[in-house]
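Everything on this sheet refers to the single structure shown next.
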Amino acid sequence: AEAGVSAIPNPLINIMLQGRHDTFPKRRGLTRVKEMLALGIRVGWGQDCVLDPWYSLGTADMLDVAFMGLHVVQMSSPAD
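So for the sequence shown, the working numbering puts the first residue at 1400; every next one is plus one.
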């Protein structure tokens, strides 16, 4: 936080690709958003794959990205 660093996880593609070859238990494939926020690091959501070969479901709808990100990091309360 002191260095002015920000993080921009891409939840849709990260969840789809990371850990896909794992057996049980499967990794979530997303960085530690809550922990970064607690440290004062700025966090925003991003989407880097829009209708491309790696993730053909990308629509550039940032509400979809935010909803997925919030669900995956389990941030569902007003305090989050």
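Just so it is clear, CB atoms sit at the ideal spot from N, CA and C, and this is done for glycine as well.
In the three-state DSSP reduction, V1442 falls in the strand class (E or B). The beta carbon of K1425 is closer than 6 Å to those of G1418 in its chain, skipping five residues each way along the sequence. In this structure, Q1473 is the residue among D1479, Q1473, P1477 with its C-alpha nearest to the C-alpha of R1427.
Distance check between K1433 and each of D1451, T1458, A1406 places A1406 closest, using alpha-carbon atoms only. In the three-state reduction of the DSSP assignment, A1406 falls in the strand class.
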